[in-house]
Every structure is written in C-alpha cells, then in structure tokens.
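Going by my numbering, the sequence shown wraps up at 462, each residue one higher than the last.
Backbone N, C-alpha and C define an ideal beta-carbon position, used for all residues, glycine too.
Because the structure is a prediction, the values reported are computed rather than measured.
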Amino acid sequence: MKVTMIGAGYVGLTTGACLADLGYQVRVYDVDKGRIADLRRSQLPIYEPGLDELVTRNVGRGRLSFHDTIDPAVQHVDMVFVTVGTPSLADGGVDLSHVETVARDIARSLAPDTVVVIKSTVEAGTARHITKLIATVRGDDDIKVAANPEFLREGSAIDDFFTADRIVCGADDERSASHLERLYEPLTRRRIPYVKTSTVDAELTKCAANAFLALKIGFINEVADLCESTGGDVLAIAEAIGLDRRIGREFLNAGPGFGGSCFPKDTRSFAATARRLGVAQRLIETLIEANESRKRSLATRILTHLGADSRGKTVAILGTAFKANTDDMREAAALTIVPILQAAGVHIRAHDPKAGDRARPLLPGIVWCDTPFEAAEMADALVVLTEWADYARLDLGRLAKSMRGRMVFDFRNLFDPKAVADAGLSYAGLGRGSPAVSVSGRSAMRGGTANRAEKAAAPV
Ligand code: NAD
Ligand code: UDX
3 MKVTMIGAGY
13 VGLTTGACLA
23 DLGYQVRVYD
33 VDKGRIADLR
43 RSQLPIYEPG
53 LDELVTRNVG
63 RGRLSFHDTI
73 DPAVQHVDMV
83 FVTVGTPSLA
93 DGGVDLSHVE
103 TVARDIARSL
113 APDTVVVIKS
123 TVEAGTARHI
133 TKLIATVRGD
143 DDIKVAANPE
153 FLREGSAIDD
163 FFTADRIVCG
173 ADDERSASHL
183 ERLYEPLTRR
193 RIPYVKTSTV
203 DAELTKCAAN
213 AFLALKIGFI
223 NEVADLCEST
233 GGDVLAIAEA
243 IGLDRRIGRE
253 FLNAGPGFGG
263 SCFPKDTRSF
273 AATARRLGVA
283 QRLIETLIEA
293 NESRKRSLAT
303 RILTHLGADS
313 RGKTVAILGT
323 AFKANTDDMR
333 EAAALTIVPI
343 LQAAGVHIRA
353 HDPKAGDRAR
363 PLLPGIVWCD
373 TPFEAAEMAD
383 ALVVLTEWAD
393 YARLDLGRLA
403 KSMRGRMVFD
413 FRNLFDPKAV
423 ADAGLSYAGL
433 GRGSPAVSVS
443 GRSAMRGGTA
453 NRAEKAAAPV
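Structure below.
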C-alpha cells in the first residue's frame, strides 16, 4: 500500500516512519520546505527517542521519502493521512484552518479511489465536514474521508505505535473502512485490538480519552494538595488506589499541571464544543481552570519561600520541557511559572537536556546552563519541573555545594526526600506530607502533622 502523510510533525513523521517500517511505501509532505530539506539531509526537526534510526533505516530501504510539493506527493497513493496541527481558537474551540487548507490543496489531485484519513485531533463531525469540502472543490463526491485518531505520547511514540492499546478507525463508507483494516492488519495480527466505528465516534473517542486522562491527573493533583494538609503521601495513595484495576496506576503522578500539545488544547476544545452545543461539560470546565491555577499557585509557593525580598534572588530550574523525553515546550508548566518568578524580580538559571533550543525564544532573560550543577550555582532555591531520569540520579551533595540556599521544590516527586535531606537540603515535593520541610527541623509546614517527608528531612 502507498501512503502519504501531510504534516511532518510529531504525529506525521513518527507514524509515517512506523508505517514504512511495517513495509508500506510512505511519502511525507510538509508545507515547511526547510523542514523537508532538513529531513532529506537526515536532520530531524524534533527529538523523539528511536525516531532517528527508524527514519534512516526506512529511507535506506527506499520506503520513506520527503516531499515539498503537494500534487506529486498525493498522486498514485491509496491513502492520504492528514496530520497537521489543530491549535486552539480564542474560545477554546479547534482551529481547523490547517486541515481545511490541506483538503482544498489536495482535492483536485486525488485519484477517485483515494481514501483521506484525518489523524489530527479534531472535533466531532470534522471528517464529514471535510468530505463535503472536498466534494465542493472537486465537483464530485468520489472522495471519502475517514477518522483515525492518534493516541501516541511524545517520548514513547514509536513504542506506542507498535504496541498500541487499541487502534480506533472511524469510517462512514465501506472503502475507507476496508483500506484502514488492511493497513493496520500487521498490527492487529499481533493482537492489538481494532475498534471499528463511525467517523463521529472515532473523533469523540479521542476527545473523551484525552479528557479522561487529564481528569485523572487533575484528580491526583488535588489529592496531593490534600496530602499536604493532612500529612499524607500521594505516592503511597496513588500506588494503593492504582492497584484497583478499575482505577489503574497510570496517569496518577502528581505534577505541576498537565501541559503538552494535547491535553490543554483538547480539554479546551472538548469544553468549547460542548458549550457551543449547549451540553455543558462541567467536570472538564473545572479541570481546565484548576490545571491553570495550579501552575500559578506553584509559582506563588516558590515566591512565598523566597520571602518579601525575592527581588534579586536566584532560582535554578531543572527541566523546561512539558514532560521528560521530549524537546516539546508546548504549554509546558515552565512557560507559566518562570515568567511569574521573573516578574517578581527573580533571576532564573535553567537546564534542560533537550528542550533548551526550543525554550530559549519562549523564555527570554534566563541564564541557560549546560549542566544541572551549573544551573544550581548560587541558587537560593532549586525547582524540578521536568522528570528527566538523569535528574533522579544527580549527586545531591554536589548540588547542595553549588547552591546558596537550601530549598528543593520537587514538582515531579523525583527525589527521595531522605536523600535530599541527607545532602543537607530542604525538600518540598508535591503531596508528600508538607509543602515545605526544613532540614533544620524548623518545619515550614502550613498545618498538618508530622509525616514521612518531615521525619525524613529531620536532622540526623
Ligand atoms: P506539529 O506541529 O508537530 O506538526 C504539524 C506539521 O504540519 C508541521 O510540520 C507543519 O509545518 C505542518 N503543516 C501545517 N499546515 C500544513 C499544510 N497546510 N500542509 C502541509 N503541512 C502542514 O503537530 P503534531 O504534534 O504532530 O500534531 C498534529 C495533530 O495530531 C494535532 O491535531 C494534534 O492534536 C494531534 N496529536 C498530537 C499528538 C502529539 O503527541 N504531538 C498525539 C496525538 C494527536
Ligand atoms: C498525550 C496523550 O497521553 C496521548 O495519548 C495523546 O495522543 C497526546 O497527548 P503527551 O502529551 O505526549 O500525550 O504526554 P502525556 O504523557 O500524556 O503527558 C501529558 C501531560 O500530563 C504532561 O505535562 C505530563 O507531565 C502530565 N502528566 C502525565 C502528569 O502530570 N501526571 C501523569 O501521571 C501523567
């Protein structure tokens, strides 16, 4: 089968390379000619573990090619996947302009039996809307549009493709349905469940899945807040409730609020679509506000620690990407927290192993450092915002020596509080008993009883 991906971003490039690895002939087109030129020189525009090798291997085997002109890219292929961005509109709804542009651009070049598949995350009814748009441009109704939402996560995208929990394919006609079934046959043969639905159900499945996962994170973040007032440990609670198979342990890690290119945008569009249709989604509306205010309140927590004279103090930020194993900065917590600290006159020194280049233009006025130790130099407090595995293995004693102050705000619960205390530092995780535990034993706890984190941080 011959397949074209329109959009060489996280989704288009990764799924394109994975489909090529399954043996298909895959063309990847992007409107960004520089991106295509880079890809032809084997320079990837994104960091995704394993993608480099996958692309090189499949280009080498002649199964993966990159294109900067649209007509030849979509001619003589069986399927065209639309994987362009669908950002938020001002009211939170989905901006479909890139998808519509693609539809208009390809409409006349498509052979009548080509199946167009929307992989971008869109609101319910988009595949049907795009079917009509293409029909209007062509003057016939030969082209059918299917919906095949993508569930991959950045940082584990390749694994997510080859060992997906399920593949969801929505089609309103037989040809699209059978093309999709054939395409994914190498994966369904490996027993990956295949869900065959209408286009609307596939589109809604994606929105509902992301909304539900985001709710899980929002919930555990609130449990973490409760732990801080009661002396509980959110890690213990997440383990215990996660053992209930109806709940599950995944996506129960407290953090600085979910970010990335999907959850914030997709929860907003879920709510906006529902609002427009008069079907209020109160849980999601509340979640969106809670998630944004969490980022702001964590910034306030840092400022409260720095005290009235925070102006001129220095904070070291470890990790700016929205999560580990990606260079993606979209809606990263750092983009809210760092400017609030800067507005209060705090100097920021930052390190991220992969996202520095993308973060630099988004976070001006920062001293970027090559190592976490360099970032920690003379810092009054250190804040972990991204859970890079390398940070968990840091020499805390060396970190302590670099710093001027003692406080470590671990907004990813990455460190063992006792190890931090042993290094002579004060530890404040999320939901680990107390918002601030002093190494000297003078607890900065706001209410609550002695707890594991506090005991761990007590002088030895
Ligand atoms: P991205 O921004 O990384 O890539 C989009 C690409 O599309 C860019 O390279 C851009 O130049 C290109 N593009 C824009 N307009 C174009 C046009 N008219 N013709 C050709 N190319 C065009 O976006 P992404 O993260 O890959 O996301 C794509 C879609 O997939 C979005 O709807 C997103 O919500 C969804 N999604 C993303 C992820 C993820 O983890 N990133 C996961 C699942 C679903
Ligand atoms: C998400 C969805 O998981 C994926 O199915 C979809 O296709 C794209 O959107 P992604 O944005 O790559 O994937 O990252 P994900 O691992 O889901 O994390 C999203 C955000 O939630 C990150 O900011 C992450 O740090 C945060 N998160 C995740 C938590 O705070 N706690 C968790 O337990 C899990």
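Can you tell me whether residue i is helix, strand or coil according to DSSP?
i           : result
residue 441 : Low per-residue confidence applies at residue 441: pLDDT is 44, beneath 50, and the placement is therefore not dependable, though the value from the model is reported in the following sentence. In the structure shown, residue 441 sits in coil (DSSP, three-state: anything other than H, G, I, E or B).
residue 83  : strand
residue 325 : coil
residue 271 : helix
residue 146 : strand
residue 194 : coil
residue 249 : coil
residue 235 : strand
residue 199 : strand
residue 111 : coil
residue 227 : helix
residue 220 : helix
residue 255 : coil
residue 335 : coil
residue 154 : coil
residue 310 : coil
residue 125 : coil
residue 244 : helix
residue 346 : coil
Using 7 Å as the cut-off, classify the Cβ of residue i as near or not near the heavy atoms of the ligand NAD, replying yes or no.
i           : result
residue 263 : yes
residue 103 : yes
residue 2   : There is no way to answer for residue 2, as the model of the chain reaches only from 3 to 462.
residue 14  : yes
residue 155 : yes
residue 175 : no
residue 205 : no
residue 148 : no
residue 8   : yes
residue 85  : yes
residue 88  : yes
In whole angstroms, what separates the C-alpha of residue i from that of residue j?
i           : j           : result
residue 176 : residue 115 : 12 Å
residue 3   : residue 121 : 18 Å
residue 446 : residue 300 : Confidence in residue 446 is poor, its pLDDT being 35 and thus under 50, which makes the residue's placement unreliable; the coordinate value appears in the next sentence. If you take the alpha carbons of residue 446 and residue 300, they lie about 16 Å apart.
residue 112 : residue 80  : 10 Å
residue 362 : residue 373 : 16 Å
residue 330 : residue 262 : 7 Å
residue 407 : residue 319 : 14 Å
residue 179 : residue 240 : 40 Å
residue 134 : residue 78  : 22 Å
residue 145 : residue 28  : 20 Å
residue 278 : residue 124 : 15 Å
residue 411 : residue 270 : 29 Å
residue 128 : residue 89  : 14 Å
residue 386 : residue 424 : 18 Å
residue 30  : residue 190 : 24 Å
residue 5   : residue 199 : 21 Å
residue 138 : residue 131 : 11 Å
residue 440 : residue 284 : Per-residue confidence for residue 440 stands at a pLDDT of 42, beneath the threshold of 50, marking its modelled position as unreliable; the derived number appears in the next sentence. Roughly 39 Å separates the two Cα atoms.
residue 413 : residue 71  : 45 Å
Taking only heavy atoms of the ligand UDX into account, decide whether any of them is closer than 7 Å to the Cβ of residue i.
i           : result
residue 339 : no
residue 251 : no
residue 296 : no
residue 257 : yes
residue 245 : no
residue 219 : yes
residue 212 : yes
residue 152 : yes
residue 121 : no
residue 254 : yes
residue 325 : yes
residue 260 : yes
residue 343 : no
With which residues is residue i paired in a DSSP beta bridge?
i           : result
residue 318 : 351 and 384
residue 120 : 84 and 149
residue 96  : 90
Hey, would you say the C-beta of residue i is under 7 Å away from at least one heavy atom of the ligand ZN?
i          : result
residue 33 : By its list of ligands, the structure shown excludes the ligand ZN, since it contains just the ligand NAD and the ligand UDX.
| message | For a minimum of 3 consecutive residues, which ranges assigned as the beta strand (DSSP E) are wholly contained in the region 157 to 190? | response | 169 to 172
(request) Please specify which runs of the alpha helix (DSSP H), each continuous and at least 4 residues long, are wholly inside the region 3 to 81, giving them in chain order. (result) 12 to 23, 35 to 42, 53 to 62 and 72 to 76
In chain order, each alpha helix (DSSP H) run of at least 4 residues that lies wholly inside the region 353 to 438
358 to 364, 374 to 378, 391 to 394, 398 to 404 and 419 to 424
Please give me, in chain order, every unbroken run of the alpha helix (DSSP H) with length at least 4 that falls completely inside the region 259 to 305. 265 to 279
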